[in-house]
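Student: Below is the structure I would like to discuss, written out as structure tokens.
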Amino acid sequence: MSNSTFSLAELLICACAEVWRDEGEVLATGIGIIPRLAQGLAKRTHSPGLMITDGEAYLTDTPVTLGARSHEGRTYEGYMPYSRVFDLLWHGRRHALVGPVQVDRWGQANISCIGDFAQPKRQMLGLRGFPGNSINHVNSMFVPNHSPRVFVEGQVDVVCSVGYRDDNWPEGVRRDLMGIHRIVSNLCVMDFGGPDHAIRVVQLHPGMAFDEVQAATGFPLLRAGDCTETPSPSAEQLAVIRDLDPGNLRARQLRDNPPGVRVAA
Amino acid sequence: MAMLDKQMSAAQVVTQLRDGMTIGIGGWGPRRKPMALIREILRSELKDLTLVGYGGPDMGMLCAAGKVKKLIYGFVSLDFIALEPFFRTAREAGTVEAMELDEGLLHWGLRAAAMRLPFLPTRVGLGTDLMRIQGDLRTVRSPYADGEQLLAMPAIELDVALLHVHRADCLGNVRVESPDPFFDEWFARAAQRCYVSCEQLVDRIADVDENAAKANLYERSLVSGVVETPGGAHPTSHVPGYGWDAAHIKRYCQAAEEDGGWERYAEAFLGGDESDYQQRVGGLDAIRTLPRQVF
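In structure tokens, the structure reads:
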């Protein structure tokens, strides 16, 4: 067990980067600071075939530096305006790492609103690209605040992205193009490898126990037989992260910027 | 045959609009919105509008001013401020009808209208609550051997489209130099009439360079009127040119937190004409030197 010379944010960046391992030549889209750093880390380490954008309309072979003040020094390998993003994602060659507000036991996610759609208690982002992304290509999720408010007991208030609930799939609709790979939270890494795609904990972050994760989740979890501790970032990974984020924006993503190894309560 | 001359003023565009119309607005969130035309609508008596688009302060301001009956949107966002505050207020108060769509599905509906088709098939939305919250969507079965069940995205037909470009000429030829053209072409094609505001209006565009002509995002037969409005995308961005005005947008968002905030914003900025507006936000030169955002 390493001593904590890395932050939880850095551990999560490395765990998030793993979702793209072995994906080959797909568009990697990480929404938010930690997922965006993760896509750059994946590309610069184990998955050089990934395609990533500059956050605007171009593909960059070298991930852009977060917080850059100018476009100086950037080089572009291709073009990816929003219209082409839709063309590409409907074709399937994309893996997005998205940040839902609610997730249920079937992997369905909500970012639209809380309460009744006609007059919501709280309007959020709207459906955005969730319906189209989720039925056309593989997605993973990043949840920085693992709690029963996010991982809800019943179904999410508005099903924005498809999941594994049979009742929500009309007869004759193709289900073979979708997949949910992993959920990376601030407590653990989960997949859908249980019976009927039940959610399993496959990695526990350093210092976390399965019971703590279960207590923070609104539905029953399985513990994978080969569940391990989430690997600590290597010196090489930390160096790449510092290079991608010289202004240390990652330190401001989680409250109090906790250390990567938490002492058990 | 008389020479075409499609030059108009923003006020003349607004005289072409009617209560209850369906108006598509180009751009994306806080990027390349025809805000000078939107401000002219804000100064008018128009009401009961249905707005269609990838919304930003255009939709937010028109909601705040009580001009909106229905929104058809992929999102309403200011990008660095994820949720448009006046949109949020209108939704939570239930004062506007909402057709909330997947971003790709919105462009699919515009494409259907552009091709004069009743609908286009897609998988997008199936397996989610989209059909539950938008009760009038229907499915269609593939007539071929696969028999796949698909969503039939209905055409989104627009009475009018409002777009902003870099340059235009009096014939209605346009040039858009932006990194991302967004979906402006489909708004233009889905509309009965399309009015374009531009940073610079010239008599005739006559490019010598073939590549320069590729910036002609849609052909002039789609364009009913052109309006010269330098700085007309402010406070949204217009790249290359100027970035969005983050300070002004924050000031505007602050108004959403206050009772009577919109009325005070309108009084402070919309009391006069466009040149008066520009003076109140620091002048055209200040708009033109707003730095481009780096993502």
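From first to last, the protein sequence lines stand for chains X and V.
Sequential numbering of the first sequence, starting at 1, is according to our numbering.
Sequential numbering of the second sequence, starting at 1001, is according to our numbering.
All C-beta atoms in this analysis are idealised placements derived from N, C-alpha and C, irrespective of residue type, glycine included.
Can X:Ile52 and X:Ile34 be called in contact, C-beta distance under 8 angstroms?
Tutor: Walking along the first sequence from the start, residue 52 of chain X turns up at place 52. Walking along the first sequence from the start, residue 34 of chain X turns up at place 34. Cβ distance not < 8 angstroms, so X:Ile52 and X:Ile34 don't count as in contact.
Student: Quick check on the DSSP output: the beta strand (DSSP E) that includes X:Asn139 runs from which residue to which?
Tutor: Within the first sequence, the letter at position 139 stands for residue 139 of chain X. Looking at the DSSP string, the run of the beta strand (DSSP E) that includes X:Asn139 is Val138 to Val143.
Student: Is the beta carbon of V:Lys1006 less than 8 angstroms from the beta carbon of V:Ser1221?
Tutor: For the purposes of this step, residue 1006 of chain V is taken as the residue at position 6 of the second sequence. For the purposes of this step, residue 1221 of chain V is taken as the residue at position 221 of the second sequence. No, the Cβ-Cβ distance between V:Lys1006 and V:Ser1221 is not below 8 angstroms.
Student: Can you give, in chain order, each stretch of the alpha helix (DSSP H) that sits fully within the region 1108–1165 of chain V and has at least 4 residues?
Tutor: Those alpha helix (DSSP H) runs which fall completely within the region 1108–1165 of chain V and span 4+ residues are 1130–1133.
Student: Taking X:Ile146 as the reference, which of X:His205, X:Cys160, X:Leu88 and X:Val173 has the closest Cα?
Tutor: Mapped onto the first sequence, residue 146 of chain X falls at position 146. Looking at the sequence itself, residue 146 of chain X is His, so the reference to Ile does not match. The option with the nearest alpha carbon to X:His146 is X:His205.
Student: Quick one: grab the DSSP three-state call for V:Met1008.
Tutor: Position 8 of the second sequence holds residue 1008 of chain V. In the structure shown, V:Met1008 sits in coil (DSSP, three-state: anything other than H, G, I, E or B).
Student: If we ignore side chains and look at the alpha-carbon of each, how far apart do X:Pro175 and V:Glu1148 end up?
Tutor: Indexing the first sequence from 1 puts residue 175 of chain X at position 175. Indexing the second sequence from 1 puts residue 1148 of chain V at position 148. One detail in the question is off: residue 175 of chain X reads as Arg in this sequence, not Pro. Cα to Cα, X:Arg175 sits roughly 11 angstroms from V:Glu1148.
Student: Are the C-beta of V:Ile1133 and some C-beta of chain X separated by less than 8 angstroms?
Tutor: Reading the second sequence from its first residue, position 133 is the one you call residue 1133 of chain V. For V:Ile1133, the answer is yes, since a Cβ of chain X falls inside 8 angstroms of its Cβ.
Student: Grab me the residues of X:Pro285's own chain with a C-beta within less than 7 angstroms of its C-beta, minus the 5 sequence neighbours each way, in chain order.
Tutor: Because chain X is modelled from 1 through 265, residue 285 of chain X falls outside the range shown and cannot be assessed.
Student: Going by the CB atoms, is the gap between X:Gly55 and X:Gly99 shorter than 8 angstroms?
Tutor: Start at 1 with the first residue of the first sequence, and residue 99 of chain X comes out as number 99. Start at 1 with the first residue of the first sequence, and residue 55 of chain X comes out as number 55. Contact: no.
Student: Look at V:Met1035 and V:Asp1058 and say whether their C-beta atoms are less than 8 angstroms apart.
Tutor: Start at 1 with the first residue of the second sequence, and residue 1035 of chain V comes out as number 35. Start at 1 with the first residue of the second sequence, and residue 1058 of chain V comes out as number 58. Going by C-beta atoms, V:Met1035 is nearer than 8 angstroms to V:Asp1058.
Student: Under 8 angstroms, Cβ to Cβ, is there at least one residue of chain V near X:Ser2?
Tutor: Stepping through the first sequence from its first residue, residue 2 of chain X is reached at position 2. Note that X:Ser2 scores a pLDDT of 45, beneath 50, so its modelled location is shaky; the value from the coordinates is reported in the next line. With 8 angstroms as the cut-off, X:Ser2 does not count as an interface residue toward chain V.
Student: Can you tell which of X:Val156, X:Glu72 and X:Leu50 has the C-alpha that lies nearest to the C-alpha of X:Thr29?
Tutor: Counting from one through the first sequence, the residue named residue 29 of chain X turns up at place 29. For X:Thr29, the nearest C-alpha among the options comes from X:Leu50.
Student: Helix, strand or coil: which one does DSSP assign to V:Trp1028?
Tutor: Counted from its first residue, the second sequence places residue 1028 of chain V at position 28. If DSSP states are grouped into helix, strand and coil, V:Trp1028 belongs with the strands.
Student: Apart from the five residues just before and just after V:Leu1120, which ones in its own chain have a Cβ nearer than 7 angstroms to its Cβ?
Tutor: Indexing the second sequence from 1 puts residue 1120 of chain V at position 120. Once the five neighbours on either side are set aside, the close Cβ partners of V:Leu1120 are Trp1108, Arg1111, Ala1112 and Met1153.
Student: In angstroms, rounded to a whole number, what distance separates the CA positions of X:Val158 and X:Asp22?
Tutor: Counting from one through the first sequence, the residue named residue 158 of chain X turns up at place 158. Counting from one through the first sequence, the residue named residue 22 of chain X turns up at place 22. Rounded to the nearest angstrom, the two C-alpha atoms are 32 angstroms apart.
Student: Does the beta carbon of V:Phe1182 come closer than 8 angstroms to any beta carbon on chain X?
Tutor: Counted from its first residue, the second sequence places residue 1182 of chain V at position 182. With a threshold of 8 angstroms between beta carbons, V:Phe1182 makes contact with chain X.
Student: Between which two residues does the alpha helix (DSSP H) containing X:Arg84 stretch?
Tutor: Taking the first sequence and counting its residues from 1, one reaches residue 84 of chain X at position 84. Tyr82 to His91 is the extent of the alpha helix (DSSP H) around X:Arg84.
Student: X:Cys267 and X:Phe142 look like a contact to me (Cβ under 8 angstroms); what is the Cβ gap, rounded to whole Å?
Tutor: Because chain X here runs from 1 to 265, residue 267 of chain X falls outside it and cannot be looked at.
Student: So, for V:Cys1063: in the same chain, excluding its five sequence neighbours on each side, which residues have a beta-carbon less than 7 angstroms away from its beta-carbon?
Tutor: Taking the first residue of the second sequence as 1, we reach residue 1063 of chain V at position 63. Only Phe1086, Phe1087, Ala1090 and Val1096 meet the Cβ criterion.
Student: What does the Cβ neighbour count give for X:Asn139, buried or exposed, with the cut at 16 atoms within 10 Å?
Tutor: Here residue 139 of chain X refers to the residue found at position 139 when the first sequence is read from its first residue. Burial call: buried.
Student: Within a Cβ cutoff of 6 angstroms, which residues of the same chain sit near V:Ser1197, ignoring the five residues on either side of it in sequence?
Tutor: Residue mapping note: residue 1197 of chain V aligns to position 197 of the second sequence, counting from 1. Pro1034, Ala1036, Leu1037, His1164, Val1227, Thr1229 and Gly1232.
Student: Give me the Cα-Cα distance between X:Pro259 and X:Thr45, rounded to the nearest whole angstrom.
Tutor: Taking the first sequence and counting its residues from 1, the one referred to as residue 259 of chain X is at position 259. Taking the first sequence and counting its residues from 1, the one referred to as residue 45 of chain X is at position 45. Each residue's alpha carbon lies about 23 angstroms from the other.
Student: Within 8 angstroms (strictly less), CB to CB, does X:Ala284 reach chain V?
Tutor: Outside the modelled stretch of chain X, which goes from 1 to 265, sits residue 284 of chain X, for which no answer is possible.
Student: So is V:Phe1080 buried or exposed if we call it buried at 16+ other beta carbons inside 10 Å?
Tutor: The residue you call residue 1080 of chain V lines up with position 80 of the second sequence. That one is exposed.
Student: Select from the region 118–135 of chain X all residues with a C-beta closer than 8 angstroms to any C-beta belonging to chain V, and list them in chain order.
Tutor: The residues in question are Ala118, Gln119, Pro120, Lys121, Arg122, Gln123, Met124, Leu125, Gly126, Leu127, Arg128, Gly129, Phe130, Pro131, Gly132, Ser134 and Ile135.
Student: Contact criterion: CB-CB distance below 8 angstroms. Does X:Ala57 meet it with respect to chain V?
Tutor: The residue given as residue 57 of chain X occupies position 57 in the first sequence. Cβ-Cβ to chain V under 8 angstroms: yes for X:Ala57.
Student: Using only alpha-carbon positions, find the residue among V:Asp1102, V:Leu1078 and V:Lys1069 that is nearest to V:Cys1253.
Tutor: Taking the second sequence and counting its residues from 1, one reaches residue 1253 of chain V at position 253. Checking every option, the nearest Cα to that of V:Cys1253 belongs to V:Leu1078.
Student: Just mark X:Tyr82 as buried or exposed, buried being the case when its beta carbon has 16 or more other beta carbons within 10 Å.
Tutor: For the purposes of this step, residue 82 of chain X is taken as the residue at position 82 of the first sequence. X:Tyr82 is buried by the Cβ-count criterion.
Student: Between the C-alpha atoms of V:Gly1283 and V:Arg1031, what's the straight-line distance to the nearest angstrom?
Tutor: Position 283 of the second sequence, counted from the first residue, corresponds to residue 1283 of chain V. Position 31 of the second sequence, counted from the first residue, corresponds to residue 1031 of chain V. Cα to Cα, the separation comes out at about 20 angstroms.
Student: Interface residues of chain V around X:Asn168 at Cβ under 7 angstroms?
Tutor: By one-based count along the first sequence, residue 168 of chain X stands at place 168. Residues of chain V passing the Cβ test: Gly1127.
Student: Tell me the residue span of the alpha helix (DSSP H) that contains X:Val240.
Tutor: Looking up residue 240 of chain X in the first sequence gives position 240. Unbroken alpha helix (DSSP H) run through X:Val240: Ala235 to Leu244.
Student: Quick one: what does DSSP say X:Cys160 is sitting in, helix, strand or coil?
Tutor: What you label residue 160 of chain X is simply residue 160 of the first sequence in a count that begins at 1. The answer is coil: DSSP assigns X:Cys160 none of H, G, I, E or B.
Student: Compute the Euclidean distance between the alpha carbons of V:Ala1011 and V:Leu1270, then round it to the nearest angstrom.
Tutor: As a first step, residue 1011 of chain V must be located in the second sequence, where it is residue number 11. As a first step, residue 1270 of chain V must be located in the second sequence, where it is residue number 270. Roughly 14 angstroms between the two C-alpha positions.
Student: If you compare alpha carbons, which of X:Asn248, X:Asp191, X:Leu244 and X:Ala224 is closest to X:Val103?
Tutor: One-based indexing of the first sequence puts residue 103 of chain X at position 103. Checked all of X:Asn248, X:Asp191, X:Leu244 and X:Ala224; the closest Cα to X:Val103 is X:Asp191.
Student: Looking at chain V, is there any beta carbon in it that lies within less than 8 angstroms of the beta carbon of X:Tyr76?
Tutor: Translated into the one-based positions of the first sequence, residue 76 of chain X becomes position 76. Output row for X:Tyr76: interface = no.
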